[in-house]
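Below: the structure, in C-alpha cells.
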Amino acid sequence: MAELARLELSEEEIALYQQDLNRFVQSGAELRKIDTDNVSRTAYVGRAFSLLRSDEVAESLPQEVVLQNGPKVVDGCFRVPRVMEDEI
Amino acid sequence: MKELAHKLRTSQVSSVELVQHYLDRIRAVDSDIRAFLYVDEDGAIAEAKASDERRRRGEPLSPWDGIPIAIKDNICTVGTPTTCASRMLENYYSPFEAEVITRIKQAGMPILGKTNMDEFAMGSSTEFSAFYITRNPHDLTRVPGGSSGGSAAAVAAGEAPWALGTDTGGSIRQPGAFCGVVGLKPTYGRVSRWGLVALASSLDQIGPMARTVADAEILFSIIAGHDNRDSTSWPNAAYRVMDAVPDNLKGISVGVPEEFFAEGLDPEVACSVRQAIKMLENLGAEVKPISLPHNIYSIDTYLTLVTAEASSNLARYDGVRYGLRVEAPDCTTMFKKTRTKGFGPEVKRRIMLGTYVLTASHHEAFYEQARRVRTLIAQDLEQAFSSVDVVVTPTTPTTAFRIGEKQDPLQMYLSDSYTAIANLAGNPALTMPCGIDRKGLPIGLQLIADHFREDLIFTVGRVLEQSLREVEAGGEL
C-alpha cells in the first residue's frame, strides 16, 4: 500500500496506519451491508447542465511563470532523474 | 458591513485607517491566537491606498471597496505564499490567482493575509497545520475547529472583518460554530473552485465567514458566479443580496431531523438549538419533524470518498513541477522521499486509507458502495425539501474541545457528523451562533436548504439572528 502511495513508512507508522485502517474498515462495515443493488452511483451533485464551453483561443501563462516553482528547471523543462531503468 | 461601507462612502473613515486598524489588532493578539500564516502588511496598505484614491475620484469598484479580508491558505493568491499549511508547499508562490481572489479584487477589497488551516484541509481542529496550531479566541486552551480554523479565529478575534474558508465535510461550519462566527458552505457549483488547491473535488466549496448572517450574504454575493474554468461551475451561479428581509417567518416551513438530536449530542448544544427552533416557531415558521435516516452513514461514506479523492488529488506532489523535492538517483525514489518528507501524519493517513479503498480488490466494496450510499443520503434531503424550506440541526455535536484532547483520528472525524451531509448531497448549509454553553463557548446552529436556495437560508438566518440579538439585549421572546 505504501508502495502504491509512493510513501516510505517506518515500522511504527505502518503499525499505526494498519490499526487505523482496521478500525476504519470495521466502522464502515454497516455501510457495506446496505442494499444498493438498484441505486445509482453519484458522480455529480446538483443540477445537471452542459459542461462544454465555447472553443475560443485564450491567453495562457508565459512559460517562465509556469516554471517558476519548478525545483529544477533546465532549458524550459522540468528536470527529473533517469526514469527508464528504474521502471523496466 | 453596511455600516463600514457607509463610513467609507461618507469619508468618516479611510480604507488605510481601516486596514491599519486590523493590522494593529493582528499585531496585538495574533501572537496568542496565531490565526495567520502570512500577514501582507505592505500589500494590504498599498491596496487600501489605491482604494482611497478610487473613492477620492468618485469611482469605487463596489460598495465594499476598501474593506479588507483574510484568505485561507489553500486559495491561490499571487505575490503571497500559498502553502496549504504543508511543508510540501512551504515556499510555493502560485503563478495564478483563484477566481474568488479575482472577484475580491474586482470589488476593491485589500487582502490582509493568509490564514492557518489543517494541512491540505485535512482535519477538524487546525492542530494538523505543519507550522503551528491556532487557538480559539474564546478560550486559548481550546481548538478553533478546522480545517478553516485560522479564518474562523481571525474573524472571531476581530483580526479581520470577514474571511474566506473552504468546506469539504464541514471545514467552514465546524470552526464557525466553535468560534462563534457565521459561515456558509455554498451549493456545489455556485462558487468557482478555480485556484482552490483540491482536497476532494466532488465535495470542495469555497465560502464566506463573517460576524453576521447579513455580512456572510454580502461576501457570498461577491464570490458567487459562473466561471468557465471550473467545469462544475453552474451557469446561473450569481447571487444578489436581498434588499430587505421580513420581520417574521410566516409561510416558511422548517424541518427538524430527530436523528440529529440522538446519542452523541451534548445536552447543552441540544438545548440551545431547540430554543432557537422554538424561536423560529414564535416568529411564524411552521416547524415539522422530518427524517434523514441515512445520515448515520454520512461519516463513513464521506471518509471513503474524501480519502479516495484526496489520495488521487495529492498524487501531483511528486517533486517535479512545484513544491518540495528530495533528490534521489531515480524518479520513483525521488517521489517517495519527497512525499515522505513533505506530508504530515494526517495527510499520510488519509492517502493510505484512500489508496486502500481504491485498490482493485476493494474499490467495488468500498469506493463504489460509498458512491451509491451517497445517492441515498442525497435522496433523503431531496425528499425533505419536497415538504420543507429549510432544515435546522446543530452544527456540531459538542462545543470546542481542548487542544490535544482528540488524539484518536476516528474520534476527530465525528466532528463532521452533522455537516458532511451537505457536501455529500451538494446542498448549501450555514452555521450561525445561537448561544453559549456554561463554559462560555459558542454553540452553532446549522441551516440547510435545497440546491441554489441560499436565499432561504439567508432569510431565515437574518430573521433569527435579529431575534436572538433582541433577546440578548434583554427583550422579550
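Chains A and B are the protein sequences, given in the same order.
Start counting the first sequence at 2; every next residue gets the next number (this note's numbering).
Start counting the second sequence at 537; every next residue gets the next number (this note's numbering).
Beta carbons are placed, not taken as given, at the ideal position from N, Cα and C, and that holds for glycine.
Predicted model only: the values in this text are computed from it and were never measured.
Where in the segment 818 to 886 of chain B do unbroken runs of the alpha helix (DSSP H), each at least 4 residues long, occur, reported from the N-terminal end onward? 834 to 849 and 867 to 878
By DSSP's criteria, TYR574/B is part of a beta bridge. Which residues make up the other side? LYS650/B
Is the segment 849 to 857 of chain B in contact with the segment 870 to 882 of chain B, if contact means three or more CB pairs nearer than 8 Å? yes
Express the C-alpha separation of ALA774/B and ASP952/B in angstroms, rounding to a whole number. 28 Å
Contact set between ASN764/B and chain A, taken where Cβ atoms lie within less than 7 Å: ARG54
Can you check whether the C-beta of VAL1/A is within less than 7 Å of a C-beta belonging to chain B? As displayed, chain A neither begins before 2 nor continues past 89, which places residue 1/A out of reach and without an answer.
Relative to chain B, which residues along the segment 60 to 84 of chain A have a C-beta separation below 8 Å, given in chain order? LEU62, VAL66, VAL67, GLN69, ASN70, GLY71, PRO72, LYS73, PHE79, VAL81, PRO82, ARG83 and VAL84
Could you spell out the range, first to last residue, of the alpha helix (DSSP H) harbouring GLY712/B? 709 to 715
Beta-carbon proximity list for ARG861/B, same chain, < 8 Å, skipping 5 on both sides: GLY855, MET870 and THR874
Quick one: measure Cβ to Cβ for LEU739/B and THR768/B, integer angstroms, because I've assumed they're closer than 8 Å. Between THR768/B and LEU739/B the Cβ distance is about 11 Å, and since that is not below 8 Å, they are no contact.
Tell me the DSSP secondary structure of GLY791/B in three-state form. strand
Is it true that the segment 549 to 562 of chain B meets the segment 576 to 592 of chain B, where meeting means three or more beta-carbon pairs spaced less than 8 Å apart? yes
Under the rule that 16 or more other beta-carbon atoms within 10 Å means buried, what is ILE89/A, buried or exposed? At ILE89/A, the pLDDT of 48 sits below 50, so the modelled position is not reliable; the number obtained from the coordinates is stated separately. Exposed.
Note down the Cα distance separating VAL679/B from SER567/B, rounded to an integer number of angstroms. 15 Å
With distances taken Cα to Cα, identify the nearest neighbour of LYS786/B among GLU794/B, PRO793/B, LEU816/B and PRO803/B. LEU816/B
Does the beta carbon of ILE972/B come closer than 7 Å to any beta carbon on chain A? no
Can you name the residues of chain A whose CB is closer than 9 Å to the CB of THR911/B? THR37, VAL40, SER41, ARG42 and THR43
The segment 892 to 906 of chain B: positions lying closer than 8 Å to chain A by Cβ: TYR892, THR895, ALA901, PHE902, GLU904, GLN905 and ALA906
Mind listing the chain B neighbours of GLU12/A? Cutoff is C-beta to C-beta under 9 Å, in chain order. None at all; the shortest Cβ gap to chain B is about 14 Å.
Is it the case that the segment 961 to 978 of chain B contacts the segment 8 to 28 of chain A, given that we only count it when at least three CB pairs across the two stretches are under 8 Å? no
LEU625/B versus GLY859/B: straight-line alpha-carbon distance, rounded: 5 Å
Excluding five sequence neighbours on each side, which residues of the same chain lie with their C-beta closer than 6 Å to the C-beta of ALA666/B? ALA621, SER622, ARG623, GLU655 and GLY880
Would you say ASP836/B lies against chain A (beta-carbon separation less than 7 Å)? yes
At what residues does the alpha helix (DSSP H) containing MET948/B begin and finish? 945 to 949
In chain order, which continuous runs of the alpha helix (DSSP H) of length 4 or greater are located wholly inside the segment 719 to 790 of chain B? 749 to 759
Would you list the residues sitting across from GLY701/B in a DSSP beta bridge? GLY743/B
Give, in chain order, every residue of the segment 948 to 972 of chain B whose Cβ lies closer than 7 Å to some Cβ of chain A. ALA961 and GLY962
Give a yes or no on whether 7 Å exceeds the smallest Cβ distance from TYR628/B to chain A. yes
What does the Cβ neighbour count give for ARG80/A, buried or exposed, with the cut at 16 atoms within 10 Å? exposed
Determine, using beta carbons only, whether ALA6/A comes closer than 7 Å to chain B. yes
I need the straight-line Cα distance from ALA571/B to LEU981/B, nearest angstrom please. 23 Å
Between which two residues does the alpha helix (DSSP H) carrying VAL996/B extend? 990 to 1008
Can you find at least 3 beta carbon pairs, one from the segment 718 to 738 of chain B and one from the segment 933 to 946 of chain B, that sit closer than 8 Å? no
Let me make sure I understand the geometry here. Which of MET888/B, ASP836/B and GLU904/B has the alpha-carbon closest to that of MET6/A? Before going on, a small fix: residue 6/A reads as Ala here, not Met. Of the listed residues, the one whose Cα sits closest to ALA6/A is MET888/B.
Using a cut-off of 9 Å between C-beta atoms, extract the partners of CYS612/B located in chain A. By Cβ distance, chain A contributes nothing, its closest Cβ being about 11 Å from CYS612/B, past 9 Å.
Output the distance between the C-alpha atoms of VAL614/B and ASP578/B, rounded to the nearest integer angstrom. 14 Å
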